[in-house]
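Engineer:
Chains as they are written, first to last, in the working numbering: chain A, 7 to 580; chain B, 7 to 580.
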């Protein structure tokens, strides 16, 4: 509806739209933003590849072509696509079921996962299935992100401690860490803890300090974002100078120098089958995360994004990742905010970032040899702990117990059984609780608020009623799950009320009446007729009335359909 | 709520309630009804056992103790419990996966299935989970019954033709029948076709003829119901006299004489696991069928049934079936109507029927030796074809395409892949379509109907509006699946409308606002504030207002919450 004005070509290639008005100002702003994001992305991409259990260079590869693809097909002007923490964790969980970490099969499976995920996103985009993502409620997402943050941070502890540990849920991880505590490497621990402390300080204290020292806010911001690069440089130098790699400090080691290789996903039915469920979840969660960030940022500039085209943008990015040695990517929250704050005006900023990363892959990789894994783990821990936020538990507890149940289930099951179980259970539970609530709707008996034409619940307001007329307001769509509920309620209410001549069903809150509910209404109509009571409807909405007109019900109805409840009572009282 | 007046003892033992007032009149009526139902049940119970692939006597056993159990625990005064067609078909499908027909394992699995099904029903009853059955919509049930009727009738053709054929879906069955057509037994075919024709005639033509002959309506009714017994007696005699069992006519053969044996379900984890899904479906479908009949019949006498206690009644019946050599039972439609019409006043009629069947098991079983299976197949075919009704397709096509889709899917998948797939797909599809519809709600812009205080859609009614005030009526609960939809709609509508000062969200159709939707409303509030537009709410329902009061939203809201839409416009226009 909204974008029908665009020609099909521009619908699928937003670059044709913004490209037309691209100018020197936009170019300058995009390039500045790209430099800042590149500085931030180099350590992050290495770290997230580590988190996914993949070689460090795959993080770089996932930050080149996918960004170019998004610049062509994406609609958000600020979204920074690339490897992100949650999707890296989900990749590790999905691929870990298929192959052993460190093997060629493992990397091949991650590439295939990116391809599958891209395919799913593209299909969803072409068929405009973006609405499916709405079934991930905010509380479920919040719970899932918090629990993932905890799992990710815990999983990185092994790199800080310099031990071997593994597991896809909290219990496994903690248990594994405790059984390996005797292997702690003291030098790794020193590097890890120092880096973590430094990065926390950079995040909280550096910017205010720089501002106090007289730097301009934007410069202070950029320097603060470069903190992780500082940690990388310093710990790499220290490791190299003191030969710490010979004293138990795990290093990244040799990273191939050069542009991404051309890769082909595995076309193997067994692999596809076992990765399919994970690919669906990764696609939907990646999409939801991207769209939330993109929408928030677009709104700040009164711009719009097109969710269904975002599916195509992200789909293309993942296909690009899979053909260039990468792994599943999506729009990252923190990086997009930085991109936006740094002044990115169009998706071209992403393409320039890709050039930056490509240069890094060409020139800097030899310098990464002595980079301690502990430093990368520290950047991950600091990044994900900022996502951990239990306040959603308190908010939902106060506001809605159903939402609380969904959050709590998501958090507990994610921690206990891993990300896929957690998020699936959260979605199913929130849908079930919604259905359960609509299956036993709130029903109010209403009367006239004196001095108005407005009708309200007799139990909450001082209202006027007429003993011969009963008005029932059902606060829900009438559909199969609650059709019988209304029947039961009405019979219970009507039996023994001898003064009653008319029952009015006030339909102001009834947005749909399905076949099951129609049959119930027919039964109610006949049953009331047997009792000598007439059934009327009032305030039936247009779409519902259209539909009722296609059935026999209006013909069989003993009473009338009134435009307004006030009109109904006026006429029936007369 | 409704039955809190009952003491717990009477809640779980309805017999204590109706038993107090039981008198000679009720006894007479119940006994007459029991005689008629017994006559009808003898051939039916044998036939349905055959349909389930079980020895004929298991049909009799399933018609003794289960009826007594229901008389004690059930609340319906007319429901006739016992073997029914659809559940027998489902038993065959479930048990057929586990063991070969005719083996001891097959019978043992059916007994275990009854036990599991009883257990599930009891648990649902104790936890009052009867509402779960509401998620089977009327169209899905109608489609499922029609498709099952077709499958059952087709499956019985092999007995009419005297050939071997098998399969759990239509394609398998038809294919199997065609490949075995060369085995047709001519004598079987004669018996089968004659019986079928006779039974169809009895159903349509016998009663009017008897009435014309001067019989009283009730007597004519009873004789018409005895038709199947007539077919059984005549074909058995013919087979015996001419020794047709030696000319290819399959007969029931020796049926053990005596009361049901004591049986114990198999306590085997593997068997339980593989039967569990089927047991759940059989329980819910059996429950839905029973409750629909029971409610219809109860309503005719202004009586009530208690659905959650019905679960306990049916659960007890199935446990009783499993300890006395039976198989899953439920309340049958046709038999219950006969029971009701014959004058049954209390569940005691069921107990008397049980005595009748027990006497039959003791005395009549030797007489069943020469009973042709073709006769039983004919009674099944005639019974189930009356269930086949495609009119639901036309009704739903006219009324609701979503319901049509659910019916069509249920019918096609039941025919193509069997009963369990069909009904599961129907339920899931109808839930999905409901969710899909609520995820893109109808939203109307409303104005004042002149001369009233009533507001309606500006596109459907002649109404008065004010360019400075936009009133939006969202016709749906605001929840996670549509929260973003409302945001998108509002921004699209508001952008570029420079006259706009106030937006009123008319909440007469909003029955719930969950956490996700609350966040959207907060975003809308802030976004409109940035544009210099005030957001108001009107006609917020009591329960929704209570909940909003527990959040920050009302505090942050730029505008006000008005009791009525008319009051809002009056105040804001002034």
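For every residue, glycine included, the Cβ atom is placed at its ideal position computed from N, Cα and C.
#1: Where does residue 537 (chain B) sit, in a helix, a strand or coil, going by DSSP?
#2: Please say whether residue 179 (chain B) and residue 173 (chain B) have beta carbons closer to each other than 9 Å?
#3: Tell me whether residue 8 (chain B) sits in a helix, a strand or coil according to DSSP, three-state version.
#4: Just by C-beta distance, which residues in the segment 469 to 490 of chain B are closer than 8 Å to chain C?
#5: For the beta strand (DSSP E) that contains residue 449 (chain B), what are its first and last residues?
#6: May I ask you to list the residues that DSSP assigns as paired with residue 461 (chain B)?
#7: Going by DSSP, which residues form a beta bridge with residue 544 (chain A)?
#8: Which first and last residues belong to the alpha helix (DSSP H) in which residue 312 (chain A) is found?
#9: Could you work out which residues of chain A lie near residue 152 (chain B), taking near to mean beta carbons separated by less than 9 Å?
#10: For the segment 42 to 52 of chain A against the segment 226 to 236 of chain A, are there 3 or more C-beta pairs whose distance is under 8 Å?
#11: Who pairs with residue 479 (chain B) in a beta bridge, going by DSSP?
#12: Can you name the start and end residues of the beta strand (DSSP E) that residue 88 (chain B) belongs to?
#13: My output table needs one value for residue 338 (chain B): the three-state DSSP class, helix, strand or coil.
#14: Using the beta-carbon of each residue, which ones in chain B are nearer than 8 Å to residue 406 (chain A)?
#15: Within 10 Å of its beta-carbon, does residue 11 (chain A) have 16 or more other beta-carbons around it, so buried, or fewer, so exposed?
#16: Which residues of chain A have a Cβ atom closer than 7 Å to the Cβ of residue 547 (chain B), listed in chain order?
#17: By the 7 Å beta-carbon criterion, what residues does the segment 63 to 92 of chain B contribute toward chain A?
#18: Considering Cα atoms alone, identify which of B:200, B:67, B:282, B:169 is closest to residue 187 (chain B).
#19: Using a C-beta to C-beta distance shorter than 8 Å, which residues of chain B count as neighbours of residue 525 (chain A)?
#20: Pair every Cβ in the segment 96 to 116 of chain A with every Cβ in the segment 267 to 287 of chain A, then say whether three or more of these pairs are closer than 8 Å.
#21: Counting C-beta neighbours from all protein chains within 10 Å, is the total for residue 543 (chain A) 16 or more, i.e. buried, or is it exposed?
#22: Taking the alpha carbon of residue 367 (chain B) as the reference point, which residue from B:267, B:571, B:26, B:426 has its own alpha carbon closest?
#23: Can you tell me which of B:375, B:351, B:324 puts its alpha carbon nearest to the alpha carbon of residue 126 (chain B)?
#24: Out of A:485, A:383, A:521, which one is the CA nearest neighbour of residue 397 (chain B)?
#25: Mind pulling the chain B residues with CB within less than 9 Å of residue 564 (chain A)?
#26: Just to confirm the assignment, what range does the alpha helix (DSSP H) spanning residue 72 (chain A) have?
#27: Any idea which residues DSSP pairs residue 147 (chain B) with across the strands?
#28: Mind checking which residues open and close the alpha helix (DSSP H) that includes residue 228 (chain A)?
#29: With DSSP collapsed to three states, give me the class of residue 29 (chain A).
#30: Taking the runs of the beta strand (DSSP E) that are 3 residues or longer, which of them lie wholly in the segment 84 to 134 of chain B?
#31: Do residue 421 (chain A) and residue 151 (chain A) count as a contact pair if the criterion is CB distance below 9 Å?
#32: Restricting to runs no shorter than 4 residues, where is the alpha helix (DSSP H) found entirely within the segment 167 to 209 of chain B?
#33: Please decide whether residue 414 (chain B) counts as near chain A, where near means a Cβ-Cβ distance under 9 Å.
#34: In chain B, which residues lie with their C-beta within 9 Å of the C-beta of residue 460 (chain A)?
#35: According to a CB-to-CB cut-off of less than 8 Å, which residues of the segment 504 to 515 of chain B neighbour chain A?
#36: Among A:425, A:405, A:374, A:433, which one has its Cα closest to the Cα of residue 559 (chain B)?
Structural biologist: On the basis of the coordinates in this document:
#1: coil
#2: yes
#3: Any reading at residue 8 (chain B) needs caution, since the residue's pLDDT is 43, under 50, leaving its predicted position unreliable; the model's value is listed next. Three-state DSSP puts residue 8 (chain B) in coil, outside helix and strand.
#4: Looking for chain C here will not work: the only protein chains present are A and B.
#5: 449 to 454
#6: B:454
#7: A:512, A:568
#8: From DSSP, residue 312 (chain A) is part of no alpha helix (DSSP H); its letter is neither H nor E.
#9: Here the premise fails: no neighbours, minimum Cβ distance about 15 Å.
#10: yes
#11: B:450, B:512
#12: 86 to 88
#13: strand
#14: 520, 521, 553
#15: Here the model assigns residue 11 (chain A) a pLDDT of 49, short of 50, so the residue's position is not dependable, and the following value carries that caveat. It counts as exposed.
#16: 481
#17: none
#18: B:169
#19: 144
#20: yes
#21: buried
#22: B:267
#23: B:324
#24: A:521
#25: Within 9 Å Cβ-Cβ: nothing; residue 564 (chain A) doesn't reach chain B, min ~17 Å.
#26: 71 to 79
#27: Note: residue 147 (chain B) sits in no beta bridge, so no partner.
#28: 223 to 231
#29: coil
#30: 86 to 88
#31: no
#32: 176 to 185, 192 to 207
#33: no
#34: 459, 545, 569, 570, 571, 572, 573
#35: 514, 515
#36: A:405
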